[in-house]
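Taking full-length UniProt numbering, the leading residue of the sequence shown gets 1, the next gets one more, and so forth.
Just below is one structure, and these are the notes that go with it.
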Amino acid sequence: MVGVVNRVCSDHAISPPGSPRRPKFLHRRPPRTIGSSGASSFASHVYPQLRKTTGATPRRSRPTLAPDNHPSHTNPLPSGPPHTMGIHSVVNACAHLQNASAARLGLTSIPSHKYNLLLALALHRAGFLSSVVRAGPHPPPPDALLTWDADSEENAVTTANVATRRLWLGLKYHDSRPVLRSVQAVSTPKRKTTATYPELGRIARGFHTGRIKGLNLGECLFVSTDLGVLEVREALEKRVGGLVLCRVS
Numbered sequence: 001m002v003g004v005v006n007r008v009c010s011d012h013a014i015s016p017p018g019s020p021r022r023p024k025f026l027h028r029r030p031p032r033t034i035g036s037s038g039a040s041s042f043a044s045h046v047y048p049q050l051r052k053t054t055g056a057t058p059r060r061s062r063p064t065l066a067p068d069n070h071p072s073h074t075n076p077l078p079s080g081p082p083h084t085m086g087i088h089s090v091v092n093a094c095a096h097l098q099n100a101s102a103a104r105l106g107l108t109s110i111p112s113h114k115y116n117l118l119l120a121l122a123l124h125r126a127g128f129l130s131s132v133v134r135a136g137p138h139p140p141p142p143d144a145l146l147t148w149d150a151d152s153e154e155n156a157v158t159t160a161n162v163a164t165r166r167l168w169l170g171l172k173y174h175d176s177r178p179v180l181r182s183v184q185a186v187s188t189p190k191r192k193t194t195a196t197y198p199e200l201g202r203i204a205r206g207f208h209t210g211r212i213k214g215l216n217l218g219e220c221l222f223v224s225t226d227l228g229v230l231e232v233r234e235a236l237e238k239r240v241g242g243l244v245l246c247r248v249s
């Protein structure tokens with residue numbers, strides 16, 4: 001019986017029970033040579049067959065640039081409105097203001113970006129900041145904050161000093177407690193949160209909408225719209241929605 005099994009296995013090219021498994025492919029391709037002559041011979045042998053069977057071209061002969069009809073050629077990258085760019089700078093500014101308020105600082109500075117300036121002006125309109133001044137790396141004198149002239153020659157922003165400009169923000173306190181107690185960023189660079197005009201109305205009335213909680217007493221929500229950075233009540237007056245930046249209380 002064992003002889004019959006061995007003969008049948010040999011006829012059908014399979015191994016008898018208990019014997020080591022025979023490799024599936026007995027013929028192995030010789031190793032490729034590393035030299036330039038071996039590489040060129042391998043390429044000259046493989047690429048014509050590949051092109052004949054699949055119609056593909058070698059990878060190194062494919063174009064590395066985008067075609068002429070690619071959007072990067074026909075439509076250059078737009079600069080974008082404020083609510084689509086500069087989110088990372090706004091998030092950093094929110095964290096900095098939170099830390100400065102906890103440290104009881106009277107004056108602090110953030111980088112002078114367009115989006116930081118829009119948020120700082122919105123906070124100033126809402127009453128959370130006492131002053132917003134764009135100056136150099138050193139803080140302006142306290143007595144000059146109220147009479148600061150940004151259009152003067154010594155304070156003007158030029159191409160020579162634009163990299164050193166900073167926004168100096170004056171923090172407000174009442175009964176030894178900060179007016180700006182909490183600054184929480186809602187949108188992040190990886191997760192942007194938008195709200196329409198009806199959704200902002202529900203949020204202002206205290207109802208949860210999506211991942212945005214309703215406003216409580218003393219809280220403000222700042223939204224980046226096509227009209228600039230507005231507080232949620234200003235956005236409702238102008239009937240616009242946009243990107244929700246931060247929550248301040």
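C-beta: ideal position from N, C-alpha, C; glycine also.
query, result
"For the alpha helix (DSSP H) containing L245, list its first residue and its last residue.", "Where L245 is concerned, there is no enclosing alpha helix (DSSP H), although the beta strand (DSSP E) it sits in stretches over 242-248."
"Report the CB separation of L236 from G201 in whole angstroms; it is logged as a contact under 8 angstroms.", "6 angstroms"
"Please find out if some non-hydrogen atom of the ligand GTP comes closer than 8 angstroms to the beta-carbon of L105.", "The ligand GTP is not among the ligands present in this structure, which contains no ligands whatsoever."
"So, with DSSP's three-state summary, where would you put E219?", "coil"
"How many whole angstroms separate the CB atoms of V240 and I212, which I take to be in contact at a CB cut-off of 8 angstroms?", "About 16 angstroms separates the two Cβ atoms, so there is no contact after all."
"With C-beta atoms as the reference, is N92 less than 9 angstroms away from I110?", "yes"
"Contact defined as beta carbons within less than 8 angstroms: I believe C246 pairs with A126. What is the distance between those atoms, to the nearest angstrom?", "About 11 angstroms separates the two Cβ atoms, so there is no contact after all."
"Quick one: what's I110 bridged to in DSSP?", "L167"
"DSSP three-state label for H96, please.", "helix"
"Please return the same chain residues whose Cβ sits closer than 6 angstroms to the Cβ of T193, not counting the five positions on each side in sequence.", "V186, S187, V244"
"Check the DSSP bridge columns for L129 and list the partner residues they point to.", "L171"
"Start and end of the alpha helix (DSSP H) containing G136?", "Looking at the DSSP string, G136 is not in any alpha helix (DSSP H), and its letter there is neither H nor E."
"Between P224 and G170, which are expected to be in contact by the criterion C-beta below 8 angstroms, what is the C-beta distance as a whole number of angstroms?", "For clarity, residue 224 is Ser in the given sequence; the question names Pro instead. Between G170 and S224 the Cβ distance is about 23 angstroms, and since that is not below 8 angstroms, they are no contact."
"Buried or exposed: G86, going by 16 or more other Cβ atoms within 10 Å of its Cβ?", "buried"
"Among residues of its own chain, excluding the 5 on either side of A120, which ones have a beta-carbon nearer than 7 angstroms to its beta-carbon?", "L129, V132, L167, L169"
"Provide the residue span of the alpha helix (DSSP H) that contains G201, from first to last.", "197-204"
"Would the beta-carbon of P178 fall within 9 angstroms of that of R104?", "yes"
"Out of N161, S182, G106, which one is the CA nearest neighbour of A95?", "S182"
"Pull up the distance between the alpha-carbon of I34 and that of R191, whole angstroms please.", "Unreliable positioning characterises I34 in this predicted model, as indicated by a pLDDT of 49, which lies under 50. The coordinate reading is nonetheless provided below. Between I34 and R191, the C-alpha separation is close to 48 angstroms."
"Using DSSP with H/G/I as helix, E/B as strand and the rest coil, what is residue 298?", "Since the displayed the chain opens at 1 and closes at 249, residue 298 lies outside it and no answer follows."
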